[in-house]
Each structure stands twice: as structure tokens, then as C-alpha cells.
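J.: Be aware that the sequence shown starts at 1, since it is given in full-length UniProt numbering, and climbs by one per residue.
Here's a structure for you.
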Amino acid sequence: MPSLLDDPNLPEDAKSRARHVLEGCKGGSLGSYSDSAGIEIIRRHVAEYIERRDGFPSCWENIVLCAGASEGIRGTMKLMINHENGVKPGVMIPIPQYPLYSATIAEFDLHQIGYYLDESKNWSLDLAELKRAYDDAKSVCTPKALCVINPGNPTGNVLTRENIEGIIKFAHERNLFLFADEVYQDNVYAEGSKFHSFKKVLMEMGEPYNKMELASFMSCSKGYMGECGLRGGYAEIINLDPAVKAMYLKSISAKLCPTTLGQAVMECVVNPPKEGEPSYESFMKEKQGVLSSLATRAKMVADTFNSVPGMSCNIVQGAMYAFPQITLPEKAIEAAKKEGQAADVFYAFQLLENTGICIVPGSGFGQRPGTYHFRTTILPQPDKLKVMLEKFREFHSNFLKLYE
Ligand SMILES: Cc1ncc(COP(=O)(O)O)c(C=O)c1O
Numbered sequence: 001m002p003s004l005l006d007d008p009n010l011p012e013d014a015k016s017r018a019r020h021v022l023e024g025c026k027g028g029s030l031g032s033y034s035d036s037a038g039i040e041i042i043r044r045h046v047a048e049y050i051e052r053r054d055g056f057p058s059c060w061e062n063i064v065l066c067a068g069a070s071e072g073i074r075g076t077m078k079l080m081i082n083h084e085n086g087v088k089p090g091v092m093i094p095i096p097q098y099p100l101y102s103a104t105i106a107e108f109d110l111h112q113i114g115y116y117l118d119e120s121k122n123w124s125l126d127l128a129e130l131k132r133a134y135d136d137a138k139s140v141c142t143p144k145a146l147c148v149i150n151p152g153n154p155t156g157n158v159l160t161r162e163n164i165e166g167i168i169k170f171a172h173e174r175n176l177f178l179f180a181d182e183v184y185q186d187n188v189y190a191e192g193s194k195f196h197s198f199k200k201v202l203m204e205m206g207e208p209y210n211k212m213e214l215a216s217f218m219s220c221s222k223g224y225m226g227e228c229g230l231r232g233g234y235a236e237i238i239n240l241d242p243a244v245k246a247m248y249l250k251s252i253s254a255k256l257c258p259t260t261l262g263q264a265v266m267e268c269v270v271n272p273p274k275e276g277e278p279s280y281e282s283f284m285k286e287k288q289g290v291l292s293s294l295a296t297r298a299k300m301v302a303d304t305f306n307s308v309p310g311m312s313c314n315i316v317q318g319a320m321y322a323f324p325q326i327t328l329p330e331k332a333i334e335a336a337k338k339e340g341q342a343a344d345v346f347y348a349f350q351l352l353e354n355t356g357i358c359i360v361p362g363s364g365f366g367q368r369p370g371t372y373h374f375r376t377t378i379l380p381q382p383d384k385l386k387v388m389l390e391k392f393r394e395f396h397s398n399f400l401k402l403y404e
């Protein structure tokens, strides 16, 4: 590795960044343990990235680097564990949701409070439904936290600024800790949609909202990066009670540190080539190329599913997924029952066996009872995606013929 630092074939700005990271590592090597919250210089660069993004100060000591956002989310969720007189703390999560949340809530013996996203309004977050879910749950648990995934997985929705403001007010009135899962912040495609970070909106709202406890998460797994196996992520946690923060830092120190390679990847994400630097143009070309291709695919997927009888799909405003609804014939539902499977699981297996296409049934994410969905990604390259969608369409029409 050090010899690459003298390689004239590598751009000077890339080498200079690598040198900086290595200077921040103990013994000048990525092979050493780092501080449990991560390498200081990278945490400082994360804070600068957030400041550039939001236009509000970010303190590097509020940044914790983690092995993917998953580890950050789990580590922060642990803070909610506090069973008072046998009453479980409640954590509000969207339905449909990314299963990391339901799994972590179950593992930590917390109470899951599901709030349904509104499919009829492009999977937006309806405040009346949030209130309904909270009120229904408060007799069986102590609601402590509200998790929001924006842009959404599996739903592909992007929250409006107004919606986020309403959510912040809701959480403030009930003293809820906010989890903002913002791993898809670079993945926004639809016209009129824009990513607004919870931190920015909360800061713009001013007192008393800017004093609320908020943890927001980012990752190198998504966006234009897609470096999911390298396990890089960060959490920014603001307004945490100092005594709780001390315990939190103690708890993450028990696992020593997140992988230093993942930390170095986060450095690349938050400190990309700047205008005028040798790598800038090739970096921008690749970034914009990936994001604009994803935007084309997002549209292609939703348009195709909407043209299939018995399927309806919301606009994929962001993230990397579509979550279409399918109307399944009664006979297919009966056939699924005979197989001991949920109807959408049955459909997914039939699709896999007949076409080789793999989807995740909606029941894996949660859906309103009596409705059926599946999640698919927009990730295959456009030529492969086109072939896949055609096969899918053909399968669906045969499936309907068979069971109608
Ligand atoms: C909404 C959401 N949050 C968190 C994660 C986890 O990401 P990471 O690879 O950074 O752990 C994912 C991964 O799919 C996700 O979709």
C-alpha cells in the first residue's frame, strides 16, 4: 500500500487523501485499532460534510463511525432498552419497513409500534395514522422512539419538507427520540422530490425543536457508491443527555472499533474530489452517470408494472426499490393455503421457479391485511432490467390465466 502513494499513475488528490487518513491511524497503518467512535480525522470530515449539506454546524464529537448503518442503528436502539415495571419501551416504525427494525426490536425485547404508510398517497407518512398507532400502543408499552426511513425502503417514497416538519412536531409533543434513516439521501429521482435531512429541518424550525434528541444514519452501501460489503456508515447523534452519551460511548467501546477499511470508505464518501482537483471530473462523470441511470430505471420499473393488469405501482421517487401491489385471484390464494404459504410468498416462489426472477414478498416488510405486494430493486443494468420486466409481465399474465 505505501508504495502506491508514490505511484505516478494515481491522481495526486487520491494519494493526498490516503496519506491524511493514514496519518490519523495509530502507527500510520489501517491495520491498527481505531478509537471506538472512529478515526478522528474522518469524524471531522463527516461533520464538515453534514455542515455543507445542511448549512448548520455539526460537532465531530457527535459523529460515530460504524460498520454500516445497521450497526449504528442497532447501537442507538440499544439505548431504548429500559423496562419499567415490566412495561416494554415502544419503538414506532413504518409498515412496510426495512426488516432490520423489526428484528432489532424483537431481539432487544422492545415493543414494535407499526404505523402504516399511505399507499394511496405515494407511500407518504400520514400524521393521523402516526397518532392512531401511538394512541393504540400507549396502553401496552411506553413509546420512546420514532423511526423514519427517508427515502424509503421498500416503498421508494421521499418525504416532503412539510411532512418532516409535522413528524418532528409529533415527536416533540410526545418526547420521542427520533431515528432518521437517511442511507438513501443521494438516491432521489422524481421531479419535484428533494431530500431534506431531519437535522436541517429540525434546526430550521428553531426552538424548542432544535433541542430534540435525533440520531441520523448514513452509509457507503447505497447512493452512487454501492460499497455495501466494505461496511462503512456513520451516526450523527445530537442533543443526547451527557450521562446517556457517556454510557453510549462506553457500550460501543466494548466492540473495539468498526472496520478501519469501512471508515476509510466513509472518508471517500464525505470528502469527495473538489472542483479543480485532478480526480474531480472523472468522479463527477461516474457519480452522475450512475444516478441518472438509476433514475431512468426507477421510471422504467414503475411504468412497466403499471402497464400490467392487476398490478399498481407508485412512482419510485427515491431509494432503490419498487413495492407494487398485486391483485391475486381467489383460487391462487386457496392454492397458497394448501401449500401452507402466504399468498404473496406463493406468488414469489412461482415466479422464481418459472422465470428465475427473485422478488421479496410484501409480507417480509409488512403490509395492510388483505393486500399483497412484492419488492423488487431497480439495480439491474437497463438491458437486463428490460428483459427481466418482460419475463415478469408474461409470467403474471399466465399466472392470472391459470388461477382465474
Ligand atoms: C433503510 C435501510 N437502512 C439501513 C440499511 C443498512 O445499510 P448498511 O449496509 O449500511 O448496514 C439498509 C440496507 O439495505 C436500508 O435499506
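Cβ coordinates follow ideal geometry from the N, Cα and C atoms, glycine included.
If you measure from each CB to the nearest heavy atom of ligand 1 and keep those under 6 Å, what residues do you get, in chain order?
T.: G68, A69, S70, Y98, L100, I149, N153, D181, V183, S219, S221, C228 and G233
J.: Cα separation between V316 and N150?
T.: If you number the sequence shown from 1, residue 316 lands on position 316. If you number the sequence shown from 1, residue 150 lands on position 150. Going by the C-alpha atoms only, they are around 13 Å apart.
J.: So, using beta-carbon positions, are G310 and H396 closer together than 8 Å?
T.: Residue numbering aside, residue 310 sits at position 310 when the sequence shown is read from its first letter. Residue numbering aside, residue 396 sits at position 396 when the sequence shown is read from its first letter. Yes; because the gap between Cβ atoms is below 8 Å, this pair is in contact.
J.: Do V301 and L240 come within 8 Å of each other at the CB atom, strictly closer than that value?
T.: One-based indexing of the sequence shown puts residue 240 at position 240. One-based indexing of the sequence shown puts residue 301 at position 301. Going by C-beta atoms, L240 is not nearer than 8 Å to V301.
J.: Taking buried to mean at least 16 other C-beta atoms within 10 Å of its own C-beta, is N354 buried or exposed?
T.: For this step, residue 354 is matched to residue 354 along the sequence shown. Per the 10 Å Cβ criterion, exposed.
J.: At the level of alpha carbons, what is the spacing between Y209 and E173?
T.: In the sequence shown, residue 209 corresponds to position 209, counting from 1. In the sequence shown, residue 173 corresponds to position 173, counting from 1. Their Cα atoms are separated by approximately 10 Å.
J.: Could you name the residues that DSSP lists as bridge partners for R375?
T.: Mapped onto the sequence shown, residue 375 falls at position 375. According to DSSP, which records beta bridges pairwise, R375 is partnered with V360.
J.: When the Cα atoms are used, what is the spatial distance from E12 to S282?
T.: Residue 12 sits at position 12 when you count from the first residue of the sequence shown. Residue 282 sits at position 282 when you count from the first residue of the sequence shown. Near 14 Å, if we compare the C-alpha coordinates of S282 and E12.
J.: Would you kindly work out how many angstroms separate the C-alpha atoms of G166 and L159, rounded to a whole number?
T.: Within the sequence shown, residue 166 is the residue found at index 166, counting from 1. Within the sequence shown, residue 159 is the residue found at index 159, counting from 1. When the Cα atoms are used, G166 and L159 turn out to be separated by approximately 11 Å.
J.: Would you kindly check if the distance between the Cβ of A37 and the Cβ of I252 is under 8 Å?
T.: Within the sequence shown, the letter at position 252 stands for residue 252. Within the sequence shown, the letter at position 37 stands for residue 37. Closer than 8 Å, so yes.
J.: Could you tell me if V269 is buried or exposed, where buried requires 16 or more neighbouring beta carbons within 10 angstroms of its beta carbon?
T.: Residue mapping note: residue 269 aligns to position 269 of the sequence shown, counting from 1. V269 comes out buried.
J.: Which one of D303, M92, T296 and G318 has the shortest CA to CA distance from Q381?
T.: If you number the sequence shown from 1, residue 381 lands on position 381. Considering only alpha carbons, the answer is T296.
J.: Counting Cβ pairs closer than 8 Å, one from the region 286 to 295 and one from the region 216 to 224, do we hit at least three?
T.: Put simply, the region 286 to 295 touches the region 216 to 224. At least three CB pairs are less than 8 Å apart.
J.: What residue ranges within the region 231 to 282 form continuous beta strand (DSSP E) runs of no fewer than 3 residues, ordered along the chain?
T.: 233 to 238
J.: Please state whether DSSP places I73 in a helix, a strand or coil.
T.: Here residue 73 refers to the residue found at position 73 when the sequence shown is read from its first residue. If DSSP states are grouped into helix, strand and coil, I73 belongs with the helices.
J.: Where does P382 fall in DSSP's three states?
T.: Counted from its first residue, the sequence shown places residue 382 at position 382. Correct three-state label for P382: helix.
J.: Kindly provide the ranges of any beta strand (DSSP E) runs that are 3 or more residues long and lie completely inside the region 137 to 169, ordered along the chain.
T.: 141 to 149
J.: Looking only at C-alpha atoms, which of Y134, K169, K131 and L125 sits nearest to V148?
T.: Residue mapping note: residue 148 aligns to position 148 of the sequence shown, counting from 1. Considering only alpha carbons, the answer is L125.
J.: If you follow the alpha helix (DSSP H) that F346 is part of, which residue opens it and which one closes it?
T.: In the sequence shown, residue 346 corresponds to position 346, counting from 1. First-last of the alpha helix (DSSP H) with F346: A343 to T355.
J.: Y98 by DSSP, collapsed to three states: which one?
T.: Looking up residue 98 in the sequence shown gives position 98. Correct three-state label for Y98: coil.
J.: Output needed for D181: all residues of its chain with C-beta closer than 6 Å, excluding positions within five of it in sequence on either side, in chain order.
T.: Within the sequence shown, numbered from 1, the residue matching residue 181 stands at position 181. Excluding sequence neighbours, D181 sits near I149 and F217.
J.: Report, in whole angstroms, the separation of the C-beta atoms of Y321 and R375, which I expect to be a contact under 8 Å.
T.: Taking the first residue of the sequence shown as 1, we reach residue 321 at position 321. Taking the first residue of the sequence shown as 1, we reach residue 375 at position 375. So it is a contact: roughly 5 Å between Cβ atoms.
J.: Taking only three categories from DSSP, how would you classify F217?
T.: For the purposes of this step, residue 217 is taken as the residue at position 217 of the sequence shown. Strand at F217.
J.: Express the C-alpha separation of V244 and F212 in angstroms, rounding to a whole number.
T.: Here the question's residue 212 lines up with position 212 in the sequence shown. Here the question's residue 244 lines up with position 244 in the sequence shown. The question names Phe, but residue 212 is Met in the sequence shown. When rounded, the distance between both Cα atoms is 14 Å.
J.: Would you mind listing the alpha helix (DSSP H) stretches within the region 181 to 216 that are 4+ residues and don't spill past its ends, in chain order?
T.: 198 to 205
J.: By the 10 Å Cβ neighbour count, where 16 or more other Cβ atoms means buried, how is H83 classified, buried or exposed?
T.: In the sequence shown, counting from the first residue as 1, residue 83 sits at position 83. It is exposed - the Cβ of H83 has fewer than 16 other Cβ atoms within 10 Å.
J.: Taking just the CA atoms, how far does M203 sit from Y184?
T.: The residue labelled residue 184 in the question sits at position 184 within the sequence shown. The residue labelled residue 203 in the question sits at position 203 within the sequence shown. Rounded to whole angstroms, Y184 to M203 spans 21 Å at the Cα level.
J.: Just how far apart, CA to CA, sit V21 and G232?
T.: On the sequence shown, position 21 is the one that residue 21 refers to. On the sequence shown, position 232 is the one that residue 232 refers to. Cα to Cα, V21 sits roughly 15 Å from G232.
J.: Go through its chain and collect everything with a Cβ distance to A298's Cβ below 6 Å, but skip five positions before and after it.
T.: Within the sequence shown, residue 298 is the residue found at index 298, counting from 1. Cβ neighbours of A298 beyond the five flanking positions: Y189, V316 and I378.
J.: Evaluate contact between the region 58 to 77 and the region 131 to 139, counting only Cβ atoms and requiring at least three cross-stretch pairs below 8 Å.
T.: no
J.: From this set, V360, Y347 and V387, which residue's C-alpha is nearest L400's C-alpha?
T.: Walking along the sequence shown from the start, residue 400 turns up at place 400. Taking each of V360, Y347 and V387 in turn and checking the Cα distance to L400, the smallest one comes out for Y347.
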